[in-house]
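See structure below.
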Amino acid sequence: MDWQLISHYILGIVTLPVSIYTVKCVVENFGTLFDEDLTIKDRNLLKQFAFFVLLPMVVLFHEIGHALAARYFGATVTAFHWSIFWGEVVIDGKLTPFQHYVIALAGNLFQLATCVFALGLALIETSPALVALSVYFYIFNGLACLIGYPLLSLTAWNDDFAMIYGQPNLQIATITGIVHLLLIALFLFTFFSTTGRLWFVKKTRPAWYKEFSKVLARAQQENDAINYLSVAWQYYFVGLDRLCEKTLDKVQELDSQLMDVWLLRGYIHQSKGRFESAILCFKEITDSECSDKVIMARAWMACGHCQAQQVENSRAAKPDWHEVLKSYKQASFTDSSLADPHYYLGVTLIKAELLKDAEAELLLCQNNQRAGKEALTWLDPMLGSMVQQEINAIRNLSRGKQ
727 MDWQLISHYI LGIVTLPVSI YTVKCVVENF GTLFDEDLTI KDRNLLKQFA FFVLLPMVVL
787 FHEIGHALAA RYFGATVTAF HWSIFWGEVV IDGKLTPFQH YVIALAGNLF QLATCVFALG
847 LALIETSPAL VALSVYFYIF NGLACLIGYP LLSLTAWNDD FAMIYGQPNL QIATITGIVH
907 LLLIALFLFT FFSTTGRLWF VKKTRPAWYK EFSKVLARAQ QENDAINYLS VAWQYYFVGL
967 DRLCEKTLDK VQELDSQLMD VWLLRGYIHQ SKGRFESAIL CFKEITDSEC SDKVIMARAW
1027 MACGHCQAQQ VENSRAAKPD WHEVLKSYKQ ASFTDSSLAD PHYYLGVTLI KAELLKDAEA
1087 ELLLCQNNQR AGKEALTWLD PMLGSMVQQE INAIRNLSRG KQ
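The number in my numbering is simply the position in the sequence shown, starting from 1, with 726 added.
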């Protein structure tokens, strides 16, 4: 009994419900999935579809490639296996080492052809969802075909790549290896390059690209720091951090005193989990003589956010929220018209188990919301709708301690 074969089929049976569920989700969400607004939820579903539905189909094509090549050389296909992420073709016949090489290569060439097809479709397609699906499929398929499967095969020294690189003609093996490395380099370039990422965002976020084009045209026409700062923010919104940093360099060349640059630089570092360097960027504002109270308060709050994340990441038995509270208090002192610092103070005081102080801060936000002309201003209006929820949480905690 072939236990390895059985284990592959068991894995396929376990994975099959995920594939079926993914197809069901795509069918149910087809209308919203293929509209012009490609949300994060849509992107995640498309990635899931590319991985659990399209990639298994490629495995089938891969095995068909082996079978067709074997038949071409007159060999007999005695068994054909396919199970989601795995397949195997068993052949019988007298074959030369070169014919074994071609048969082993054929399946991978079939798979590589689907990569090229997906990339070509992404280039000509206009639907954001189809472009995204094609690119996700290209990435997953390319990683499997050019990197993942070759590494597994060569490490175990069996299956396709053991035959491809282990065949006796060293010249053919060398040429194959060079072409393989060039294809990997090309694939990695399309995956990591700034140009490729910008192209992908343009194709999958047409509304963003329309607004971005206007902002960029205005910046190029005016050639001033403020407009180029707007361009940098546009890049940041879609995760194009390298282009954002490059644009911020230009902003500083045009106006070295513009403090907003440091706020955005800090946000970039913060989004990557580099909290110390992010805080240093925010300190460029808080330690300056900046006259803009709003940006100064935003910098203090950003410091507090980074420090809070550091405290949470430390997983200390008794977390020290002192520096976090200090930053949020500085934000509230810097611009007393803002409600946001009081909200963050309240939430942090809950974590520090200072419930009375937390409730006082949150009630300050809520009461000032109802105080007409004296109402505090929200930089993030969403926080205002969450105040009562936090107050209720405090009261539940207080009752639990009684």
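From the three backbone atoms N, C-alpha and C, an ideal C-beta is built for every residue, glycine too.
The structure presented is a predicted model; accordingly, all values stated were derived computationally and were not measured.
Rounded to a whole number of angstroms, what is the C-alpha to C-alpha distance between residue i and residue j?
i       : j       : result
Pro854  : Thr916  : 18 Å
Phe799  : Gln837  : 20 Å
Ala805  : Leu794  : 13 Å
Lys1099 : Ser1058 : The predicted position of Lys1099 is uncertain, since its pLDDT is 49 and thus under 50; a value taken from the coordinates is nonetheless stated next. Their backbone Cα atoms lie some 19 Å apart in a straight line.
Gln1115 : Leu909  : 54 Å
Ile829  : Arg797  : 9 Å
Ile1117 : Val1050 : 20 Å
Ser1063 : Leu1081 : 24 Å
Cys970  : Thr802  : 58 Å
Lys1055 : Leu1071 : 7 Å
Asp1061 : Val1020 : 6 Å
Leu835  : Leu924  : 29 Å
Ile850  : Ser939  : 21 Å
Phe863  : Asn755  : 19 Å
Leu872  : Gln1036 : 38 Å
Asn895  : Gln825  : 12 Å
Gly819  : His792  : 14 Å
Using a Cβ-Cβ cut-off of 6 Å (strictly less than) and excluding sequence neighbours within five positions of residue i, which residues of its own chain qualify?
i       : result
Gln978  : Val987
Gly738  : Ser809, Ile810
Gln1092 : Val1113
Thr741  : Ile810
Asn1122 : none
Select from the options the residue whose C-alpha is nearest the C-alpha of residue i.
i      : options                            : result
Pro823 : Leu907, Asp975, Asp886, Thr1074    : Asp886
Ser997 : Val1020, Ala1028, Lys972           : Ala1028
Asp768 : Ala1023, Ala1065, Val753           : Val753
Asp759 : Ala1004, Ala858, Ser919            : According to the sequence provided, residue 759 is Leu. The question's Asp does not apply to it. Of the candidates Ala1004, Ala858, Ser919, the one whose C-alpha sits nearest the C-alpha of Leu759 is Ala858.
Ala951 : Trp959, Asp981, Gly965             : Asp981
Asp713 : Pro1045, Met1108, Gln1035, Ala1086 : With the chain covering only 727 through 1128, there is no way to say anything about residue 713.
Ala870 : Leu845, Glu948, Glu1087, Pro782    : Pro782
Label residue i either buried or exposed according to how many other C-beta atoms from any shown protein chain fall within 10 Å of its C-beta, with 16 as the threshold for buried.
i       : result
Ser1053 : buried
Ser860  : buried
Leu955  : buried
Thr930  : buried
Val815  : buried
Tyr747  : exposed
Trp883  : exposed
Asp761  : exposed
Phe918  : exposed
So what does residue i bridge to, in DSSP terms?
i       : result
Trp808  : Gly813
Leu759  : According to DSSP, Leu759 bridges with nothing at all.
Val803  : Ile817
Thr1103 : Leu1064
Leaving out the 5 sequence neighbours to the left and right, which residues in its chain are closer than 7 Å to residue i when beta-carbon positions are compared?
i       : result
Gly1133 : With the chain represented from 727 up to 1128, any question about residue 1133 goes unanswered, as that position is not in the structure.
Met1112 : none
Val744  : Phe778
Arg991  : Leu974, Cys1007
Glu1135 : Only positions 727 to 1128 of the chain appear in this structure, which leaves residue 1135 out of reach.
Lys773  : Tyr862
Can you find the residues in the same chain that come closer than 8 Å, C-beta to C-beta, to residue i, ignoring five residues on each side of it along the sequence?
i      : result
Thr920 : Leu966, Arg968, Leu969
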